[in-house]
Amino acid sequence: MDKTAQQNIQDAFLNTLRREKLTISISLMSGSSINGRLKSFDKFSVLLDSNGREFLVFKHAIATVSFASRKPFSESENQPKTS
Numbered sequence: 908m909d910k911t912a913q914q915n916i917q918d919a920f921l922n923t924l925r926r927e928k929l930t931i932s933i934s935l936m937s938g939s940s941i942n943g944r945l946k947s948f949d950k951f952s953v954l955l956d957s958n959g960r961e962f963l964v965f966k967h968a969i970a971t972v973s974f975a976s977r978k979p980f981s982e983s984e985n986q987p988k989t990s
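In terms of our numbering, the sequence shown is residues 908 to 990.
Below you can see the structure in the form of structure tokens.
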């Protein structure tokens, strides 16, 4: 996969997190983690709002980005819609 395609996947994922205002957990390379909501991102950094405090985190310091909590899976969401 080329570098452009990888960047597009990253941007799409981060944009969804920002748009949906989901609470996420960012694990850093140092082993610590920050929970909060993604406010913004660019090529080199992400801006995270955590309990009213803003953290500018450089992407090279991020190990993983995951959901801090997921809403329970609903089987009705997985069913095909009929008209």
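Note that beta-carbon positions come from the ideal geometry of N, C-alpha and C, so glycine has one too.
Selected residue, minimal CA-CA separation from Phe-965, among Ala-975, Leu-935, Gly-943, Arg-944: For the residues Ala-975, Leu-935, Gly-943, Arg-944, the minimum Cα distance to Phe-965 belongs to Leu-935.
DSSP on Lys-946, reduced to helix/strand/coil? Assignment of Lys-946 by DSSP, reduced to helix, strand and coil, places it in the strand class.
Within 10 Å of its beta-carbon, does Ile-916 have 16 or more other beta-carbons around it, so buried, or fewer, so exposed? In this structure Ile-916 is exposed. Its beta-carbon is surrounded by fewer than 16 other beta-carbon atoms within 10 angstroms.
Going by DSSP in three states, Phe-965 sits in which element: helix, strand or coil? Correct three-state label for Phe-965: strand.
Tell me Phe-974's beta-bridge partners as DSSP assigns them. Phe-974 has Ile-931 as its beta-bridge partners, per DSSP.
Under DSSP, the beta strand (DSSP E) around Ser-937 begins and ends at which residues? Premise fails: Ser-937 is in no beta strand (DSSP E) and is neither H nor E.
Report back the beta-carbon spacing between Asn-942 and Ala-970 to the nearest angstrom; my notes put them in contact at under 8 Å. Between Asn-942 and Ala-970 a beta carbon distance of about 15 Å is seen, past the 8 Å cut, so the two are scored as non-contacting.
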